[in-house]
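**Student:**
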């Protein structure tokens, strides 16, 4: 069962988080162990298993990035692996140059970069919203590929922010 | 995680850090990366057009100690090799030389990818340089 199925949702990237939370409460109540004390052991076991899927599902679907990574993974993208072939050269070039700039920066400049990266992440997240909606409408692999590219860039920038934080 | 002495040696005294002129027709540039860990690796080779031997190799890597050591070692191995010999370098040789633990094997893979990318870039330049319809002896 997919996380979407566990919540009775369509596999869409745009999710109403309040609705998700409500579904979680309702389903968790229905599956509460107290309700199963007089039921057969197999049913008790199933309820426990479903509760565990719901917990993982809530954590995954609530967060837009984790949600997108989950959907990408389900479509066969190699998410979370340390090696990936499809990083475009422009992105590598950009990240390389940013790393070079960080290396030569003093503390004040690093603060400037931190501000800049925060703005970039904000822009990326805004852009993702549009890409999510586009995928929900098209269900096309091309749109997933675009999202994947944006997530890679986001990950790189997050890593740069961490680098600044650990060096200051 | 404890790094091996060889990784530490390359990490503390990286060989051949720097860059070569990307526009030089005899220079091949490979840029690869792993978004998951934030690594970016640039590796460049300079090929002697007369002999086909790699005269110089430089790298610059942003990443963990193993990624730096893998690319540093790669540049050491590349120098003096022909392009074809360089293509035969396998990531497993880097793993063995640096005693990389399983979780760091992807760093050696990245280095092998960088070597291949640099050579591919060099070869693409070489093909472009050979004029179409040129008379060859």
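Protein chains in written order, with this note's numbering: chain A, 1 to 168; chain B, 1001 to 1137. Note that beta-carbon positions come from the ideal geometry of N, C-alpha and C, so glycine has one too.
1) Give the single residue among 107(A), 95(A) and 166(A) whose Cα lies nearest to the Cα of residue 120(A).
2) Measuring alpha carbon to alpha carbon, tell me which of 14(A), 34(A) and 44(A) ends up nearest residue 126(A).
3) Residue 167(A): buried (16+ other C-beta within 10 angstroms of its C-beta) or exposed?
4) Of all Cβ atoms in chain B, is any one closer than 8 Å to the Cβ of residue 87(A)?
5) So if I threshold CB-CB distances at 8 Å, which residues from the segment 1032 to 1054 of chain B count as touching chain A?
6) Can you tell me the Cα-Cα spacing of residue 97(A) and residue 1028(B), whole angstroms?
7) Please classify residue 1024(B) as buried or exposed, where buried requires at least 16 neighbouring CB atoms within 10 angstroms.
8) Any beta carbon from chain B within less than 8 Å of residue 128(A)'s own beta carbon?
9) Tell me, which residues are paired with residue 1043(B) by DSSP?
10) Please list the partners that residue 159(A) has in chain B, where partner means a Cβ-to-Cβ separation under 7 Å.
11) Mind reading off the beta-carbon distance from residue 58(A) to residue 36(A)? Whole number of angstroms is fine, and I expect it under 8 Å.
12) What are the residues that DSSP puts in a beta bridge with residue 1082(B)?
13) At what residues does the alpha helix (DSSP H) containing residue 1107(B) begin and finish?
14) Measure the C-alpha to C-alpha separation of residue 1064(B) and residue 1039(B) and round it to an integer number of angstroms.
15) So is residue 1109(B) buried or exposed if we call it buried at 16+ other beta carbons inside 10 Å?
16) Got a sec: does the ligand SAH put a non-hydrogen atom nearer than 7 Å to the Cβ of residue 152(A)?
17) Count the CB pairs spanning the segment 1006 to 1017 of chain B and the segment 1079 to 1099 of chain B that are closer than 8 Å, and state whether there are at least three.
18) Count the other CB atoms, across all protein chains shown, that sit within 10 Å of the CB of residue 112(A); report buried if there are 16 or more and exposed otherwise.
**Tutor:** Reading off the structure:
1) 95(A)
2) 14(A)
3) exposed
4) yes
5) 1032, 1033, 1034, 1035, 1036, 1037, 1038, 1040 and 1042
6) 18 Å
7) exposed
8) no
9) 1030(B) and 1059(B)
10) 1038
11) Not really, about 20 Å apart at Cβ, beyond 8 Å.
12) 1053(B)
13) 1105 to 1129
14) 8 Å
15) buried
16) The ligand SAH is not among the ligands present in this structure, which contains no ligands whatsoever.
17) yes
18) exposed
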